[in-house]
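Engineer:
Protein chains in written order, with UniProt numbering: chain W, 1 to 333; chain L, 1 to 368; chain Y, 1 to 282.
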């Protein structure tokens with residue numbers, strides 16, 4: 001179904017967006033590969049949604065260029081870009097049935113009726129909403145609406161699918177479920193997904209690659225594992241997962257709490273730091289322990305509960321240990 | 001229009017509050033002042049109008065002032081009773097409604113004589129007491145059981161001297177002749193006067209008008225329909241004329257002077273074949289002041305009152321004794337002055353009282 | 001009492017006196033009108049029979065309906081454009097526009113009517129200007145005819161048309177329009193297939209409001225129509241106040257009432273009226 005001349009790779013070249021004096025997006029370069037699941041992750045105001053809207057064509061590009069498979073699309077209006085999009089809040093057409101919503105893109109392209117019907121059936125099957133075809137969006141649950149939005153955006157087989165915080169309105173339990181479905185659908189349709197979120201767990205669990213953004217610029221790009229294991233600066237390290245920051249010899253290291261081992265007493269020769277437990281918080285599968293070190297720092301340690309759970313108590317003196325590879329040196333300044 | 005209604009209601013309510021002692025005098029006076037109304041005028045609107053005054057129901061504006069100075073002062077001097085006003089306009093439907101509702105608040109309505117014919121027999125009016133009111137102080141035939149004509153007004157016409165300077169229209173035949181006198185006409189929308197003018201234009205003598213031949217009159221009216229506009233109020237025809245929208249207009253003759261002034265003489269009044277309309281005082285059944293109102297009506301018939309109404313409102317006396325005393329400068333605009341009295345025709349209130357409703361409807365249907 | 005509570009929510013009992021008052025004050029006069037139309041001047045349907053005697057009444061009703069339809073059409077089209085502009089312009093301009101709109105509610109209808117005469121009358125500003133620059137030899141008859149009535153009425157009705165549309169348009173999520181464009185629809189496709197259907201409740205509310213208000217109009221038609229454009233409302237007032245044919249007046253009022261109810265009923269066949277009157281769209 002996909003147009004073979006469009007493979008769905010995007011090139012973003014020195015793209016900026018100014019709103020008056022304010023630079024919402026500042027000189028971004030990014031290559032998005034065909035068929036990958038790429039997540040733009042950042043706090044609100046980081047420019048991720050602005051960048052997505054420029055890709056979709058809803059916002060003009062102030063400077064730079066966006067290209068699809070090498071050909072610039074900067075001047076192509078939104079309705080001619082053929083990118084699917086799942087909006088925040090879904091933006092379904094409330095006056096149309098699910099079937100008409102999903103078939104809209106084909107219907108405005110004046111495709112024959114039976115082609116539309118078949119394709120819509122195919123899409124409804126993909127999102128498992130066959131029996132809801134004749135309902136109006138108002139009669140569906142949030143999760144079902146989200147799937148209609150997805151089916152509608154995929155129905156015309158776009159080379160690129162843009163998703164703007166599509167799970168924001170769902171409750172946590174449902175969100176995890178839908179994440180898996182999304183990932184599955186991505187595998188099956190093979191379309192390039194560009195996914196905007198501020199939720200790091202969503203980003204980690206679904207993405208092939210994550211782009212971490214701050215203040216309109218890219219902080220770091222990489223696979224979830226790369227970003228988690230090798231953050232290049234304090235922002236990335238703290239935005240994606242939790243991290244302790246250790247200052248030694250004018251250098252700064254990021255140290256994930258679960259990579260620290262903790263031994264009661266003060267006799268361990270390999271101890272990197274020593275201190276006393278200030279606080280223990282129990283999370284079921286693990287417990288989070290805050291240690292005040294003798295150097296005056298505060299270190300968080302995540303310990304699996306099955307290990308020495310009973311002998312830890314607040315005020316207990318402990319040694320902290322970790323492997324060399326666990327501490328990642330960060331860029332500073 | 002609503003503003004006025006609101007003000008009136010607010011004041012009527014506060015008048016009651018004031019009487020009942022719920023509002024102090026100063027607040028009440030302030031409210032009256034804010035609304036630009038004299039306190040006694042407000043108190044008059046109350047249903048409990050005592051017999052120390054009579055309430056006149058008219059259209060307000062200038063006629064409120066003029067009735068006060070022309071009749072009210074003499075009436076007070078003679079009887080010690082005051083005169084107050086309800087200015088909401090005594091249309092036939094409103095009189096009927098007031099009497100039917102049993103809440104009669106007016107003593108005398110400044111209306112048309114034909115209203116006396118239509119509302120009298122249905123029990124909505126008090127008969128006129130001709131032991132107090134004089135049948136001789138009005139024109140013959142205009143002193144009826146339920147109403148007496150106090151003044152006359154007339155349906156005459158004005159024409160545009162710039163359009164017809166050398167050969168001006170002189171009568172209703174000319175008014176209806178759009179070939180000889182091209183241009184737009186303005187006629188009265190509620191049929192009155194317009195029907196009679198049409199018949200005279202069609203050759204009916206002024207003395208043979210009644211009963212009106214409706215078909216003939218409406219045919220004549222429709223013959224110039226494409227060149228006609230129809231007005232419903234004095235201010236409307238005034239604006240049609242001064243804005244030069246029409247070349248000739250049937251108007252109330254007492255407006256003639258204003259129009260001649262406002263157009264610097266471009267429009268001129270023609271009184272030939274003007275129709276005299278008897279304006280009358282009628283008394284709603286069960287009026288609060290009772291028989292005292294007859295004294296008021298009699299006062300209005302006196303020559304000084306008659307001449308003062310002419311001077312103030314331009315309404316012509318209906319008391320024949322006053323005709324000779326019409327001042328020189330008022331003569332062209334007074335329908336019964338020596339200058340005009342031989343040229344005019346007289347409205348028949350009996351015919352209008354009995355057939356007016358159907359005539360108005362037939363007229364409206366013909367012009368719309 | 002317990003048995004009663006099971007069927008009627010106790011909340012209704014609290015508002016029952018008010019409800020009864022509203023019903024009495026509202027339905028009472030309406031029933032009185034219907035009653036009058038079959039009893040005055042004598043019992044029977046003689047008033048309704050008048051509709052078939054001669055074409056005059058039918059013509060007045062038809063004139064009224066025709067003028068109201070045209071007025072509604074133009075008011076709603078202009079109102080739609082204005083509401084659209086208000087929703088999509090900057091907040092500052094929107095405030096200005098809303099102020100102008102609301103101010104126009106407070107200008108007396110007579111003032112507005114005479115203002116049109118000054119502007120578009122025979123010796124009005126427009127005609128004089130056109131004559132002066134030589135575009136026309138004779139004044140154009142804008143006023144004192146049906147055109148004049150329509151101009152005056154449309155002008156008066158536009159603010160009423162705008163308000164329901166404004167509410168309806170403001171509640172629309174702009175992302176829905178973006179979604180339509182994103183799916184490949186052109187501007188006009190988006191308008192006809194998404195925007196218009198989504199503003200339909202507002203459009204219907206606005207149409208009903210303007211049409212029903214227009215039916216009761218008579219100051220503007222009386223003045224701007226030069227007396228020749230007779231609408232039902234004016235005719236009713238003449239029958240009430242001048243000719244005292246209250247039965248005829250009541251009959252015409254009843255016809256108008258029934259006409260409006262029939263119109264609402266027909267519309268309810270095509271759409272849920274509750275959405276028009278602010279209910280939930282489901």
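Backbone N, C-alpha and C fix where the C-beta goes; we use that ideal spot for every residue, glycine too.
State the DSSP-derived secondary structure class of residue 268 of chain W, mapped to helix, strand or coil.
Structural biologist: Residue 268 of chain W: coil per DSSP, three-state reduction.
Engineer: Using a Cβ cut-off of 8 Å (strictly closer), state whether residue 144 of chain Y contacts chain W.
Structural biologist: No, because no Cβ of chain W sits closer than 8 Å to the Cβ of residue 144 of chain Y.
Engineer: Starting from residue 85 of chain L, follow the beta strand (DSSP E) in both directions and report where the run begins and ends.
Structural biologist: Its beta strand (DSSP E) spans residues 82-86.
Engineer: Out of W/198, W/223, W/266, state which residue places its alpha-carbon closest to the alpha-carbon of residue 213 of chain W.
Structural biologist: It is W/198.
Engineer: Mind checking whether residue 216 of chain W and residue 57 of chain W have CB atoms under 8 Å apart?
Structural biologist: No, the Cβ-Cβ distance between residue 216 of chain W and residue 57 of chain W is not below 8 Å.
Engineer: Does the count of Cβ pairs from the region 228-248 of chain L and the region 116-133 of chain L closer than 8 Å reach three?
Structural biologist: Output reads no: the region 116-133 of chain L does not touch the region 228-248 of chain L.
Engineer: Hey, quick one: how far does the alpha helix (DSSP H) through residue 206 of chain W stretch, first residue to last?
Structural biologist: Start and end: 200-206.
Engineer: With which residues is residue 57 of chain L paired in a DSSP beta bridge?
Structural biologist: Residue 57 of chain L pairs with L/86, L/109.
Engineer: Apply the 10 Å Cβ neighbour rule to residue 267 of chain W and answer buried if 16 or more other Cβ atoms are within range, or exposed otherwise.
Structural biologist: Under this definition residue 267 of chain W is an exposed residue.
Engineer: Give me whichever residues DSSP pairs with residue 159 of chain L in a beta bridge.
Structural biologist: In DSSP, residue 159 of chain L forms a bridge with L/248, L/268.
Engineer: In the DSSP assignment, what are the bridge partners of residue 350 of chain W?
Structural biologist: Residue coverage of chain W in this structure runs from 1 to 333, which leaves residue 350 of chain W outside it and unanswerable.
Engineer: Which chain Y residues are close to residue 230 of chain L, counting only those with a beta carbon under 7 Å from its beta carbon?
Structural biologist: Within chain Y, the residues near residue 230 of chain L are 226, 227, 228.
Engineer: Grab me the residues of residue 33 of chain W's own chain with a C-beta within less than 7 Å of its C-beta, minus the 5 sequence neighbours each way, in chain order.
Structural biologist: Closer than 7 Å at the Cβ level, and outside the excluded window around residue 33 of chain W, lie 9.
Engineer: Between the region 103-130 of chain W and chain Y, which residues of the former have a C-beta closer than 8 Å to a C-beta of the latter?
Structural biologist: Those would be 104, 105, 108, 109, in chain order.
Engineer: Enumerate, from N- to C-terminal direction, the unbroken beta strand (DSSP E) stretches of 3 or more residues contained entirely within the region 8-40 of chain W.
Structural biologist: Counting only runs of 3 or more, we get 10-19, 22-32.
Engineer: Can you list, in chain order, the stretches of the alpha helix (DSSP H) that have 4 or more residues and sit fully within the region 174-205 of chain L?
Structural biologist: Runs of the alpha helix (DSSP H) inside the region 174-205 of chain L: 194-201.
Engineer: Less than 8 Å between the beta carbons of residue 169 of chain W and residue 89 of chain W, yes or no?
Structural biologist: Yes, the pair counts as a contact, with Cβ atoms nearer than the cut-off.
Engineer: Do we get a CB-CB distance below 8 Å when we pair residue 183 of chain Y with the residues of chain W?
Structural biologist: Closer than 8 Å to some Cβ of chain W, the Cβ of residue 183 of chain Y qualifies, so yes.
Engineer: Does residue 337 of chain L pass the burial test, meaning 16 or more other C-beta atoms within 10 Å, or should it be called exposed?
Structural biologist: Classification for residue 337 of chain L: buried.
Engineer: Look at the alpha carbon of residue 195 of chain Y and the alpha carbon of residue 76 of chain Y, and state the distance between them as a whole number of angstroms.
Structural biologist: Spanning the two alpha carbons is a distance of roughly 16 Å.
Engineer: Hey, out of Y/183, Y/142, Y/154, whose CA is closest to residue 337 of chain W's CA?
Structural biologist: Chain W is shown from 1 up to 333; residue 337 of chain W falls before or after that span and cannot be answered.
Engineer: Could you check how far apart the C-beta atoms of residue 35 of chain W and residue 190 of chain W are, in whole angstroms? I think they sit under 8 Å.
Structural biologist: Right, the Cβ-Cβ distance comes to about 5 Å (below 8 Å), so this counts as a contact.
Engineer: What is the rounded straight-line gap between the Cα of residue 112 of chain Y and the Cα of residue 327 of chain L?
Structural biologist: Spanning the two alpha carbons is a distance of roughly 41 Å.
Engineer: Using CA coordinates, which residue listed in L/179, L/146, L/235, L/124 is at the minimum distance from residue 188 of chain L?
Structural biologist: The residue with the shortest Cα to Cα distance from residue 188 of chain L is L/235.
Engineer: Rounded C-beta distance between residue 164 of chain Y and residue 205 of chain Y? I'm assuming under 8 Å.
Structural biologist: Indeed, because the Cβ distance is near 4 Å, the residues count as touching under 8 Å.
Engineer: Name the DSSP beta bridge partners of residue 290 of chain W, please?
Structural biologist: W/279, W/300, per the DSSP bridge assignment.
Engineer: Check whether the region 264-279 of chain L touches the region 146-163 of chain L, taking contact to mean three or more Cβ pairs, one atom from each stretch, closer than 8 Å.
Structural biologist: Touching, per the Cβ criterion.
Engineer: Under DSSP, the alpha helix (DSSP H) around residue 334 of chain W begins and ends at which residues?
Structural biologist: No answer is possible for residue 334 of chain W: the residues shown for chain W start at 1 and end at 333.
Engineer: Whole-angstrom Cβ separation of residue 341 of chain W and residue 178 of chain Y, contact assumed at under 8 Å?
Structural biologist: Look at the range of chain W in this structure, 1 to 333, and you will see that residue 341 of chain W is not part of it.
Engineer: How about the region 285-298 of chain L and the region 102-114 of chain L: do they share at least three Cβ pairs that are nearer than 8 Å?
Structural biologist: Output reads yes: the region 102-114 of chain L touches the region 285-298 of chain L.
Engineer: Below 8 Å on C-beta distance, what does residue 89 of chain W contact in chain Y?
Structural biologist: Result: 173, 175.
Engineer: Any C-beta of chain Y within less than 9 Å: which residues of the region 312-326 of chain L qualify?
Structural biologist: Against chain Y - using a Cβ distance shorter than 9 Å - the region 312-326 of chain L contributes no residues.
Engineer: Quick one: give me the first and last residue of the beta strand (DSSP E) that residue 209 of chain L is part of.
Structural biologist: Premise fails: residue 209 of chain L is in no beta strand (DSSP E) and is neither H nor E.
Engineer: Under the DSSP definition of a beta bridge, which residues are partnered with residue 209 of chain W?
Structural biologist: Note: residue 209 of chain W sits in a beta bridge opposite W/38.
Engineer: Please list, in chain order, the chain Y residues whose beta carbon lies closer than 9 Å to that of residue 243 of chain L.
Structural biologist: Those within 9 Å of residue 243 of chain L in chain Y are 117, 118, 121, 122, 123, 124.
Engineer: Does residue 35 of chain L have its Cβ less than 8 Å from a Cβ in chain Y?
Structural biologist: In this prediction, residue 35 of chain L has a pLDDT of 47, which is less than 50 and means its spatial position is unreliable; what the coordinates show is noted afterwards. False, the Cβ-Cβ gap to chain Y never drops below 8 Å.
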